[in-house]
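First up is the structure itself, then whatever we jot down about it.
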Amino acid sequence: MPLKHVSSLAAALVLAASATLHAQWPEWRGPSRDGRSAETNLPSSWSPSGENLAWRIPIGGRATPVAWNNRIYLLTTTGDFAHTQERLVAIDASSGTVLWDQKFSLYLSDVPQNRAAWASPAVDPESGNIYVFTVAAELIALSPDGKILWARSLPEEYGAITTHGGRTVSPIIDGDKLIVNSLILAWGSDLGRPGNRYFAFDKRTGDTIWVSSPQARHYDTNFSMPIVADVGSVKQLIVGGTDGQFYGLKANTGEKVWQTEVSKRAILNSALYKDGTVYLTHGEENIDTTQMGMVAAIDATRTGQLGKDAFTWVTHGFMPTFASPVMDTERLYSVDNGAIVAGFDLATGKELWQKSLGTLQ
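This is the structure in C-alpha coordinates:
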(Lines of atoms letter the chains of each structure in order from A; the text may use other names.)
(Lines give C-alpha, C1' and ligand atoms only; values in the text may rest on other atoms or scores of the structure.)
Protein backbone atom coordinates (compact mmCIF):
# COMPACT_ATOMS: atom_id res chain seq x y z
CA MET A 4 0.00 0.00 0.00
CA PRO A 5 1.44 3.27 -1.12
CA LEU A 6 2.92 5.30 1.76
CA LYS A 7 1.18 2.94 4.17
CA HIS A 8 4.27 0.76 4.27
CA VAL A 9 5.80 3.31 6.67
CA SER A 10 2.86 3.68 8.99
CA SER A 11 2.28 6.61 11.32
CA LEU A 12 1.56 3.90 13.88
CA ALA A 13 5.07 2.46 13.76
CA ALA A 14 5.54 2.74 17.53
CA ALA A 15 2.29 4.04 18.98
CA LEU A 16 -1.10 5.18 17.85
CA VAL A 17 -1.48 8.90 18.41
CA LEU A 18 -4.58 11.06 17.90
CA ALA A 19 -4.66 14.83 17.94
CA ALA A 20 -6.70 16.20 20.81
CA SER A 21 -8.68 18.66 18.72
CA ALA A 22 -9.46 16.19 15.94
CA THR A 23 -13.03 15.04 15.42
CA LEU A 24 -12.93 11.50 16.79
CA HIS A 25 -16.33 10.60 15.35
CA ALA A 26 -15.29 11.11 11.73
CA GLN A 27 -16.06 8.16 9.45
CA TRP A 28 -13.19 6.62 7.48
CA PRO A 29 -14.40 3.12 6.54
CA GLU A 30 -11.70 2.11 4.03
CA TRP A 31 -8.02 2.73 3.34
CA ARG A 32 -8.54 5.79 1.08
CA GLY A 33 -11.56 7.08 2.98
CA PRO A 34 -15.30 7.21 2.23
CA SER A 35 -14.78 8.45 -1.35
CA ARG A 36 -11.64 6.33 -1.98
CA ASP A 37 -9.69 9.44 -2.96
CA GLY A 38 -7.58 10.06 0.16
CA ARG A 39 -9.41 13.29 1.05
CA SER A 40 -11.04 14.24 4.34
CA ALA A 41 -13.78 16.84 4.77
CA GLU A 42 -12.72 17.53 8.36
CA THR A 43 -11.70 21.09 9.21
CA ASN A 44 -9.83 22.84 12.04
CA LEU A 45 -7.39 19.97 12.42
CA PRO A 46 -4.04 20.63 14.13
CA SER A 47 -1.13 21.40 11.85
CA SER A 48 1.40 19.83 14.21
CA TRP A 49 1.50 17.07 16.80
CA SER A 50 3.99 15.05 18.79
CA PRO A 51 4.02 11.67 20.57
CA SER A 52 5.58 13.51 23.50
CA GLY A 53 2.50 15.59 24.16
CA GLU A 54 1.66 18.35 21.66
CA ASN A 55 -2.01 17.94 20.64
CA LEU A 56 -1.91 14.40 22.04
CA ALA A 57 -5.25 12.84 23.01
CA TRP A 58 -3.91 9.40 23.92
CA ARG A 59 -1.40 6.77 22.84
CA ILE A 60 -1.20 2.99 23.07
CA PRO A 61 1.71 0.64 22.23
CA ILE A 62 0.19 -0.85 19.09
CA GLY A 63 1.91 -0.37 15.74
CA GLY A 64 1.44 -1.60 12.22
CA ARG A 65 2.01 -1.28 8.51
CA ALA A 66 -1.65 -0.84 7.58
CA THR A 67 -3.61 2.39 7.86
CA PRO A 68 -6.37 2.22 10.51
CA VAL A 69 -10.00 2.78 9.59
CA ALA A 70 -12.57 4.60 11.73
CA TRP A 71 -16.31 4.04 12.16
CA ASN A 72 -18.80 5.10 14.87
CA ASN A 73 -16.12 6.23 17.33
CA ARG A 74 -14.12 3.06 16.85
CA ILE A 75 -10.75 2.52 15.22
CA TYR A 76 -9.97 -0.80 13.57
CA LEU A 77 -6.34 -1.70 12.95
CA LEU A 78 -4.78 -4.80 11.42
CA THR A 79 -1.42 -5.47 13.02
CA THR A 80 0.80 -8.37 14.08
CA THR A 81 1.41 -10.21 17.33
CA GLY A 82 3.83 -12.90 18.49
CA ASP A 83 7.54 -13.42 17.94
CA PHE A 84 9.10 -14.29 14.57
CA ALA A 85 8.39 -18.00 14.93
CA HIS A 86 4.79 -17.49 16.05
CA THR A 87 3.63 -14.44 14.11
CA GLN A 88 -0.10 -13.90 13.74
CA GLU A 89 -2.12 -11.09 12.22
CA ARG A 90 -4.38 -9.34 14.69
CA LEU A 91 -7.44 -7.15 14.17
CA VAL A 92 -7.80 -4.68 17.04
CA ALA A 93 -10.91 -2.62 17.87
CA ILE A 94 -10.08 0.58 19.77
CA ASP A 95 -12.34 3.16 21.41
CA ALA A 96 -11.51 6.39 19.57
CA SER A 97 -12.24 8.63 22.56
CA SER A 98 -10.09 6.88 25.15
CA GLY A 99 -7.71 4.56 23.28
CA THR A 100 -9.10 1.55 25.16
CA VAL A 101 -8.74 -1.76 23.32
CA LEU A 102 -12.27 -3.20 23.11
CA TRP A 103 -11.44 -6.55 21.55
CA ASP A 104 -9.04 -8.28 19.23
CA GLN A 105 -9.13 -11.28 16.90
CA LYS A 106 -6.06 -13.23 15.75
CA PHE A 107 -5.44 -14.97 12.42
CA SER A 108 -2.73 -17.53 11.71
CA LEU A 109 0.04 -16.71 9.24
CA TYR A 110 0.47 -19.70 6.92
CA LEU A 111 2.94 -18.44 4.33
CA SER A 112 6.58 -18.71 5.35
CA ASP A 113 7.73 -16.35 2.57
CA VAL A 114 6.08 -13.34 4.25
CA PRO A 115 8.45 -11.66 6.75
CA GLN A 116 6.93 -10.50 10.02
CA ASN A 117 7.35 -6.80 9.30
CA ARG A 118 5.36 -7.19 6.07
CA ALA A 119 2.42 -9.07 7.55
CA ALA A 120 -0.87 -7.25 8.20
CA TRP A 121 -0.36 -5.23 5.03
CA ALA A 122 -3.96 -4.45 4.06
CA SER A 123 -6.32 -2.09 5.84
CA PRO A 124 -9.66 -3.44 7.07
CA ALA A 125 -12.94 -2.21 5.56
CA VAL A 126 -16.11 -1.36 7.49
CA ASP A 127 -19.58 -1.82 5.99
CA PRO A 128 -21.52 1.41 6.63
CA GLU A 129 -24.81 -0.50 6.53
CA SER A 130 -24.09 -3.14 9.18
CA GLY A 131 -20.89 -2.02 10.87
CA ASN A 132 -19.31 -5.38 10.01
CA ILE A 133 -15.55 -5.41 9.46
CA TYR A 134 -13.75 -7.22 6.64
CA VAL A 135 -10.10 -8.29 6.65
CA PHE A 136 -7.93 -9.66 3.83
CA THR A 137 -4.85 -11.31 5.35
CA VAL A 138 -1.42 -11.95 3.86
CA ALA A 139 -2.46 -15.61 3.79
CA ALA A 140 -5.15 -14.51 1.28
CA GLU A 141 -7.99 -15.31 3.67
CA LEU A 142 -11.04 -13.05 3.49
CA ILE A 143 -12.78 -12.79 6.86
CA ALA A 144 -15.97 -11.00 7.97
CA LEU A 145 -16.43 -9.98 11.59
CA SER A 146 -19.29 -8.41 13.53
CA PRO A 147 -18.82 -5.12 15.43
CA ASP A 148 -18.25 -7.15 18.62
CA GLY A 149 -15.45 -9.19 17.03
CA LYS A 150 -17.23 -12.45 16.20
CA ILE A 151 -16.25 -14.16 12.94
CA LEU A 152 -19.31 -14.27 10.65
CA TRP A 153 -17.76 -16.07 7.68
CA ALA A 154 -14.40 -16.73 6.08
CA ARG A 155 -13.17 -17.65 2.60
CA SER A 156 -9.77 -19.20 2.03
CA LEU A 157 -8.70 -18.05 -1.43
CA PRO A 158 -5.60 -20.31 -1.43
CA GLU A 159 -7.69 -23.42 -0.79
CA GLU A 160 -10.57 -22.48 -3.08
CA TYR A 161 -8.85 -20.65 -5.93
CA GLY A 162 -5.11 -21.20 -5.62
CA ALA A 163 -4.43 -17.66 -4.40
CA ILE A 164 -1.06 -16.68 -2.99
CA THR A 165 0.49 -13.46 -1.73
CA THR A 166 4.14 -13.02 -2.62
CA HIS A 167 6.90 -10.42 -2.87
CA GLY A 168 6.91 -9.57 0.80
CA GLY A 169 3.21 -9.83 1.54
CA ARG A 170 1.69 -7.37 -0.94
CA THR A 171 -2.03 -7.53 -0.21
CA VAL A 172 -4.81 -5.30 -1.49
CA SER A 173 -7.28 -3.68 0.90
CA PRO A 174 -10.88 -4.84 0.35
CA ILE A 175 -13.61 -2.41 -0.68
CA ILE A 176 -17.40 -2.53 -0.29
CA ASP A 177 -19.75 -1.60 -3.13
CA GLY A 178 -23.41 -2.05 -2.20
CA ASP A 179 -23.84 -5.73 -1.37
CA LYS A 180 -20.46 -6.68 -2.81
CA LEU A 181 -17.11 -7.11 -1.09
CA ILE A 182 -14.35 -6.79 -3.69
CA VAL A 183 -10.70 -7.91 -3.55
CA ASN A 184 -8.04 -8.99 -6.02
CA SER A 185 -5.27 -11.53 -5.66
CA LEU A 186 -2.65 -13.48 -7.59
CA ILE A 187 -4.17 -16.85 -8.57
CA LEU A 188 -1.81 -19.64 -9.58
CA ALA A 189 -4.37 -21.84 -11.33
CA TRP A 190 -8.14 -22.11 -11.30
CA GLY A 191 -11.14 -23.12 -13.42
CA SER A 192 -11.04 -22.54 -17.17
CA ASP A 193 -7.70 -20.73 -16.74
CA LEU A 194 -6.05 -23.75 -15.13
CA GLY A 195 -2.29 -23.48 -15.49
CA ARG A 196 -2.26 -19.75 -16.30
CA PRO A 197 -1.23 -17.66 -13.30
CA GLY A 198 -2.67 -14.18 -13.11
CA ASN A 199 -4.26 -11.46 -11.05
CA ARG A 200 -8.00 -11.97 -10.65
CA TYR A 201 -10.78 -9.85 -9.20
CA PHE A 202 -13.43 -11.27 -6.89
CA ALA A 203 -16.81 -9.97 -5.77
CA PHE A 204 -18.35 -11.71 -2.75
CA ASP A 205 -21.71 -11.22 -1.07
CA LYS A 206 -20.81 -9.16 1.99
CA ARG A 207 -23.50 -10.85 4.11
CA THR A 208 -22.86 -14.51 3.27
CA GLY A 209 -19.44 -14.64 1.63
CA ASP A 210 -20.89 -16.31 -1.47
CA THR A 211 -19.05 -15.63 -4.74
CA ILE A 212 -20.91 -13.21 -7.03
CA TRP A 213 -18.37 -12.99 -9.86
CA VAL A 214 -14.72 -13.63 -10.71
CA SER A 215 -13.00 -11.57 -13.40
CA SER A 216 -9.77 -12.43 -15.25
CA PRO A 217 -9.11 -9.44 -17.53
CA GLN A 218 -5.33 -9.85 -17.78
CA ALA A 219 -3.55 -11.84 -20.47
CA ARG A 220 -0.23 -11.91 -18.62
CA HIS A 221 1.23 -11.32 -15.19
CA TYR A 222 4.43 -9.51 -14.18
CA ASP A 223 4.36 -9.04 -10.43
CA THR A 224 2.12 -8.80 -7.38
CA ASN A 225 0.55 -5.43 -6.53
CA PHE A 226 -1.71 -3.58 -4.11
CA SER A 227 -3.68 -1.22 -6.34
CA MET A 228 -6.98 -0.79 -4.47
CA PRO A 229 -9.94 -0.46 -6.86
CA ILE A 230 -12.18 2.57 -6.97
CA VAL A 231 -15.82 2.55 -8.10
CA ALA A 232 -17.21 5.30 -10.34
CA ASP A 233 -20.37 5.94 -12.34
CA VAL A 234 -19.03 6.49 -15.85
CA GLY A 235 -22.02 7.47 -17.95
CA SER A 236 -24.60 4.74 -17.42
CA VAL A 237 -22.05 2.13 -16.34
CA LYS A 238 -20.75 1.68 -12.81
CA GLN A 239 -17.07 0.86 -13.27
CA LEU A 240 -14.45 -0.75 -11.08
CA ILE A 241 -11.21 1.05 -11.98
CA VAL A 242 -7.94 -0.56 -10.93
CA GLY A 243 -4.27 -1.01 -11.83
CA GLY A 244 -3.22 -4.49 -12.89
CA THR A 245 -0.17 -6.64 -12.30
CA ASP A 246 0.53 -6.50 -16.05
CA GLY A 247 1.21 -2.77 -16.29
CA GLN A 248 -2.31 -1.85 -17.42
CA PHE A 249 -5.18 0.05 -15.88
CA TYR A 250 -8.63 -1.50 -16.28
CA GLY A 251 -12.24 -0.42 -16.19
CA LEU A 252 -14.54 -3.34 -15.28
CA LYS A 253 -18.31 -3.41 -14.88
CA ALA A 254 -18.75 -3.37 -11.13
CA ASN A 255 -21.84 -5.58 -11.21
CA THR A 256 -20.41 -8.35 -13.39
CA GLY A 257 -16.61 -7.97 -13.63
CA GLU A 258 -16.86 -7.66 -17.43
CA LYS A 259 -14.04 -5.64 -18.96
CA VAL A 260 -15.00 -2.23 -20.40
CA TRP A 261 -11.58 -0.77 -21.24
CA GLN A 262 -7.87 -1.17 -20.62
CA THR A 263 -4.75 0.86 -21.29
CA GLU A 264 -1.12 -0.23 -21.10
CA VAL A 265 1.16 2.29 -19.39
CA SER A 266 3.96 0.37 -17.69
CA LYS A 267 6.31 -2.58 -18.13
CA ARG A 268 5.78 -3.59 -14.49
CA ALA A 269 2.87 -4.03 -12.11
CA ILE A 270 0.79 -1.00 -11.12
CA LEU A 271 0.92 -0.34 -7.37
CA ASN A 272 -1.11 2.89 -7.32
CA SER A 273 -4.82 3.50 -7.04
CA ALA A 274 -6.51 5.84 -9.52
CA LEU A 275 -8.74 8.89 -9.16
CA TYR A 276 -11.89 9.70 -11.13
CA LYS A 277 -13.78 12.89 -11.96
CA ASP A 278 -16.31 13.74 -14.69
CA GLY A 279 -15.45 10.97 -17.12
CA THR A 280 -11.69 11.23 -16.61
CA VAL A 281 -9.43 8.77 -14.80
CA TYR A 282 -6.25 10.21 -13.29
CA LEU A 283 -3.53 7.60 -13.01
CA THR A 284 0.07 7.40 -11.82
CA HIS A 285 2.89 4.88 -11.67
CA GLY A 286 6.65 4.95 -10.99
CA GLU A 287 7.89 2.12 -13.18
CA GLU A 288 9.31 1.92 -16.72
CA ASN A 289 7.02 3.38 -19.36
CA ILE A 290 6.00 1.67 -22.59
CA ASP A 291 7.11 4.27 -25.14
CA THR A 292 9.83 6.33 -23.44
CA THR A 293 13.00 5.75 -21.46
CA GLN A 294 11.76 8.10 -18.75
CA MET A 295 10.52 6.44 -15.58
CA GLY A 296 7.13 7.17 -14.07
CA MET A 297 3.93 8.81 -15.26
CA VAL A 298 1.12 11.10 -14.21
CA ALA A 299 -1.73 11.12 -16.72
CA ALA A 300 -5.41 11.72 -17.44
CA ILE A 301 -7.43 9.39 -19.67
CA ASP A 302 -10.97 9.39 -21.09
CA ALA A 303 -12.83 6.63 -19.22
CA THR A 304 -15.97 6.92 -21.35
CA ARG A 305 -14.30 4.95 -24.15
CA THR A 306 -14.24 1.18 -24.54
CA GLY A 307 -11.75 -1.45 -25.62
CA GLN A 308 -7.96 -1.09 -25.75
CA LEU A 309 -7.26 2.60 -25.23
CA GLY A 310 -4.28 4.14 -27.03
CA LYS A 311 -2.56 7.51 -26.99
CA ASP A 312 -5.58 9.31 -28.44
CA ALA A 313 -7.58 8.53 -25.28
CA PHE A 314 -5.16 10.48 -23.05
CA THR A 315 -6.09 14.06 -22.23
CA TRP A 316 -2.54 14.70 -21.05
CA VAL A 317 0.56 12.76 -20.00
CA THR A 318 3.54 13.89 -17.89
CA HIS A 319 6.56 11.58 -17.78
CA GLY A 320 9.55 11.60 -15.44
CA PHE A 321 7.84 11.78 -12.03
CA MET A 322 8.14 8.47 -10.16
CA PRO A 323 5.36 7.79 -7.62
CA THR A 324 5.94 4.04 -7.42
CA PHE A 325 4.13 3.51 -4.12
CA ALA A 326 2.04 6.59 -3.29
CA SER A 327 -1.45 7.02 -4.71
CA PRO A 328 -2.44 10.57 -5.73
CA VAL A 329 -4.96 13.00 -4.27
CA MET A 330 -6.57 15.99 -5.96
CA ASP A 331 -8.71 19.05 -5.42
CA THR A 332 -10.67 21.02 -8.03
CA GLU A 333 -7.55 22.46 -9.66
CA ARG A 334 -4.53 20.29 -8.87
CA LEU A 335 -3.34 16.71 -8.52
CA TYR A 336 -0.76 15.90 -5.83
CA SER A 337 1.63 12.98 -5.68
CA VAL A 338 4.72 11.82 -3.79
CA ASP A 339 7.67 10.19 -5.55
CA ASN A 340 10.19 7.60 -4.37
CA GLY A 341 12.52 10.29 -3.03
CA ALA A 342 9.95 11.88 -0.70
CA ILE A 343 9.27 14.73 -3.12
CA VAL A 344 5.67 15.95 -3.21
CA ALA A 345 4.60 17.69 -6.40
CA GLY A 346 1.52 19.55 -7.58
CA PHE A 347 0.21 19.16 -11.15
CA ASP A 348 -2.34 21.24 -13.02
CA LEU A 349 -5.46 19.07 -13.26
CA ALA A 350 -6.41 20.43 -16.68
CA THR A 351 -3.03 20.21 -18.43
CA GLY A 352 -0.78 17.94 -16.36
CA LYS A 353 1.87 20.65 -16.07
CA GLU A 354 4.04 20.27 -12.99
CA LEU A 355 3.52 23.41 -10.91
CA TRP A 356 5.89 22.90 -7.97
CA GLN A 357 7.88 20.42 -5.91
CA LYS A 358 8.73 20.26 -2.22
CA SER A 359 10.97 17.84 -0.32
CA LEU A 360 9.38 16.09 2.63
CA GLY A 361 12.77 15.27 4.12
CA THR A 362 14.56 11.96 4.55
CA LEU A 363 13.41 8.68 6.03
CA GLN A 364 14.99 8.15 9.46
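Read left to right, the sequence shown gives residues 4 to 364 (our numbering).
Glycine residues also receive a C-beta, built at the ideal position from the N, C-alpha and C atoms.
Proximity to residue i [Cα-Cα], best of the options
i      : options                        : result
Thr315 : Glu287, Asp291, Asn340, Val281 : Val281
Thr80  : Thr263, Lys358, Gly63          : Gly63
Asp127 : Trp153, Ala254, Asn55, Pro29   : Pro29
Leu181 : Arg196, Tyr134, Asp246         : Tyr134
Gly178 : Lys150, Ile212, Asn199         : Ile212
Gln308 : Thr293, Arg59, Pro217          : Pro217
Arg200 : Asn44, Thr208, Thr224, Asp210  : Thr224
Gly33  : Ala57, Val231, Asp312, Val265  : Val231
His86  : Glu354, Phe107, Pro46          : Phe107
Ala57  : Thr67, Ala66, Arg65, Leu45     : Leu45
Val92  : Ile301, Gln116, Gly198, Ala66  : Ala66
Thr208 : Trp103, Trp153, Pro158         : Trp153
Gly162 : Ala140, Pro147, Leu188, Asn184 : Leu188
Thr284 : Ser273, Ile290, Lys277         : Ser273
Ser359 : Ile151, Glu288, Asn340, Ala122 : Asn340
Tyr222 : Gly247, Val234, Thr263, Ser215 : Gly247
Leu61  : Glu89, Thr100, Ser48, Thr43    : According to the sequence as given, residue 61 is Pro; it is not Leu. It is Thr100.
Val138 : Gln116, Ala303, Ala125         : Gln116
Ala350 : Trp103, Gly251, Val298         : Val298
Trp31  : Ala342, Glu354, Trp71          : Trp71
Ala120 : Thr165, Glu129, Ala96, Arg268  : Thr165
Leu271 : Ser173, Asp113, Pro147         : Ser173
Leu157 : Pro51, Ala96, Asp210, Tyr336   : Asp210
Asn255 : Ala203, Ala342, Pro68          : Ala203
Gln239 : Asp83, Asp278, Phe347          : Asp278
Ser50  : Glu42, Arg59, Thr43            : Arg59
Arg220 : Tyr76, Arg305, Ala269, Glu287  : Ala269
Tyr110 : Glu159, Asp312, Val69          : Glu159
Asp331 : Thr263, Tyr250, Tyr276, Thr245 : Tyr276
Asp95  : Ser48, Thr263, Asn73, Ser327   : Asn73
Ala313 : Glu288, Gly361, Phe249, Thr293 : Phe249
Thr304 : Ala342, Glu288, Thr263         : Thr263
Gly131 : Val114, Ala122, Thr292, Lys150 : Lys150
Gly257 : Gly235, Pro229, Asp148         : Pro229
Whole-angstrom C-beta distance between residue j and residue i, which should lie under 8 Å
i      : j      : result
Lys206 : Ile176 : 6 Å
Leu145 : Arg155 : Contact doesn't hold; Cβ gap of about 13 Å is too wide.
Val329 : Asp37  : 6 Å
Phe321 : Ala345 : 6 Å
Val260 : Lys253 : 6 Å
Lys311 : Glu288 : Not a contact, Cβ separation roughly 17 Å.
Ser185 : Ala125 : Ser185 to Ala125, Cβ: 15 Å. No contact.
Which residues DSSP lists as bridging residue i, in chain order
i      : result
Gln357 : Ala345
Gly310 : Looking at the DSSP assignment, Gly310 forms no beta bridge with any residue, so it has no partner.
Gly334 : Here the sequence assigns Arg to residue 334, which means Gly is not the residue at that position. In the DSSP output, where bridge partners are listed per residue, Arg334 has Asp348.
Ser40  : Its beta-bridge partners do not exist; DSSP assigns none.
Asp339 : Paired residue(s): none; Asp339 is not in a bridge.
Asp233 : Lys238
Trp49  : In the DSSP output, where bridge partners are listed per residue, Trp49 has none listed.
Ile187 : Ala163, Gly198
Thr211 : Phe204
Thr318 : Val298
Val329 : Tyr336
Trp28  : Ala70
Start and end residues, beta strand (DSSP E) containing residue i
i      : result
Tyr386 : The requested residue 386 does not occur in the structure, where the chain is confined to residues 4 to 364.
Leu152 : 151-156
Leu1   : The requested residue 1 does not occur in the structure, where the chain is confined to residues 4 to 364.
Asp205 : 198-205
Ala70  : 69-71
* **Whole runs of the beta strand (DSSP E) within the region 237-301, excluding any shorter than 3 residues** => 237-243, 248-253, 259-264, 275-277, 280-288
* To do: Only counting runs of 3 or more residues, tell me where the beta strand (DSSP E) segments fall wholly within the region 73-112, in order along the chain.
  => 74-81, 88-95, 101-108
* Which runs of the beta strand (DSSP E) spanning at least 3 residues fall entirely within the region 116-185, listed in chain order? -> 133-136, 141-145, 151-156, 175-177
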